[in-house]
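J.: Just so you know, the sequence shown maps onto residues 1 to 155 in the numbering used here.
Ideal Cβ placement from N, Cα and C applies to all residues, glycine included.
Take this structure, written in structure tokens, and hold onto it; I'll ask about it next.
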Amino acid sequence: MTGLAPHLPEILLPEALEVARGIRDESDRATALAWLAPHLPESLLPKALAVARDIWSESSRVEALIGLAPHLPQVLPEVLVVAREFGSESSRAEALKALTAQLTPANVDLSFWEKTLQALGTLTRSNFLKTIPNLVPLILHLGGGGCLKRGVSRD
Numbered sequence: 001m002t003g004l005a006p007h008l009p010e011i012l013l014p015e016a017l018e019v020a021r022g023i024r025d026e027s028d029r030a031t032a033l034a035w036l037a038p039h040l041p042e043s044l045l046p047k048a049l050a051v052a053r054d055i056w057s058e059s060s061r062v063e064a065l066i067g068l069a070p071h072l073p074q075v076l077p078e079v080l081v082v083a084r085e086f087g088s089e090s091s092r093a094e095a096l097k098a099l100t101a102q103l104t105p106a107n108v109d110l111s112f113w114e115k116t117l118q119a120l121g122t123l124t125r126s127n128f129l130k131t132i133p134n135l136v137p138l139i140l141h142l143g144g145g146g147c148l149k150r151g152v153s154r155d
């Protein structure tokens, strides 16, 4: 299915999503979702996220979320909820890094920014530092250059 996704007419995409949902192997389901995501209309993306949320394996769920994240600006808060649920810190870190890569000043309000920072606060220092490059544009937008300089100079 992954090779077919770019060639499917839009009318068949809901059915393709249902086929992906029916894949028994969770790793294969996650891969199918990631490949299908760029071709789904916005109206199907929340359903694709629901399919990803139904994946029990954290590593496979992370794979699905990472594939979906670039195409989910309207459901980024829900992606954050899913990422925060991961018991494994490495899975949570990977999902949050993928999420932060999608954040822009246009799709983040102060409330969402605070929730994102709270989630990032659950990570070890080394995993948190891996997200910093993704956060710089938002830090500059929300707090200005002085804010970034003060944050870096505290170490």
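Nearest to proline 73 by CA position, among Ala101, Ala52, Ser88, is which residue?
T.: Of the listed residues, the one whose Cα sits closest to proline 73 is Ala101.
J.: Taking only runs of the beta strand (DSSP E) that begin and end inside the stretch 38 to 103, which ones reach a length of at least 3 residues, in chain order?
T.: Counting whole runs of 3 or more residues, the stretch 38 to 103 contains no beta strand (DSSP E) stretch at all.
J.: According to DSSP, is arginine 21 helix, strand or coil?
T.: Three-state result, arginine 21: helix.
J.: Going by other Cβ atoms of all chains shown within 10 Å of its Cβ, with 16 needed for buried, is histidine 71 buried or exposed?
T.: Answer is buried; the Cβ neighbour count reaches 16.
J.: Confirm, please, whether the CB-CB distance from glutamate 85 to serine 57 is below 7 Å.
T.: No.
J.: What separation, rounded to the nearest whole angstrom, lies between the Cα atoms of serine 126 and lysine 97?
T.: Their backbone Cα atoms lie some 12 Å apart in a straight line.
J.: Mind reading off the beta-carbon distance from leucine 17 to leucine 36? Whole number of angstroms is fine, and I expect it under 8 Å.
T.: 7 Å between Cβ atoms; contact.
J.: Just the C-alpha distance for alanine 161 and glycine 144, rounded to the nearest angstrom, thanks.
T.: Coverage of the chain is limited to positions 1 through 155, which leaves residue 161 absent and any answer about it impossible.
J.: Determine the closest residue to valine 51 out of Pro6, Gly121, Ala32, His39, with distance taken between C-alpha atoms.
T.: Among Pro6, Gly121, Ala32, His39, the Cα nearest to that of valine 51 is on Ala32.
J.: Keeping to the same chain, check which residues put their C-beta closer than 7 Å to that of phenylalanine 128; ignore five residues upstream and five downstream.
T.: Here the set comprises Leu120.
J.: Since alanine 34 is in the alpha helix (DSSP H), which residue starts that stretch and which ends it?
T.: Unbroken alpha helix (DSSP H) run through alanine 34: 26 to 36.
J.: By a C-beta neighbour count over all protein chains shown, 10 Å radius and 16 as the cutoff for buried, is isoleucine 66 buried or exposed?
T.: Buried is the call here.
J.: Determine the burial state of valine 81: buried for a count of at least 16 other Cβ atoms within 10 Å of its Cβ, exposed for fewer.
T.: Burial call: exposed.
J.: With a 10 Å radius around its C-beta and 16 neighbouring C-beta atoms as the bar for buried, classify leucine 12 as buried or exposed.
T.: Result: exposed.
J.: Please name the residue in Pro9, Arg61, Pro38, Leu99 whose C-alpha comes closest to that of alanine 30.
T.: Among Pro9, Arg61, Pro38, Leu99, the Cα nearest to that of alanine 30 belongs to Arg61.
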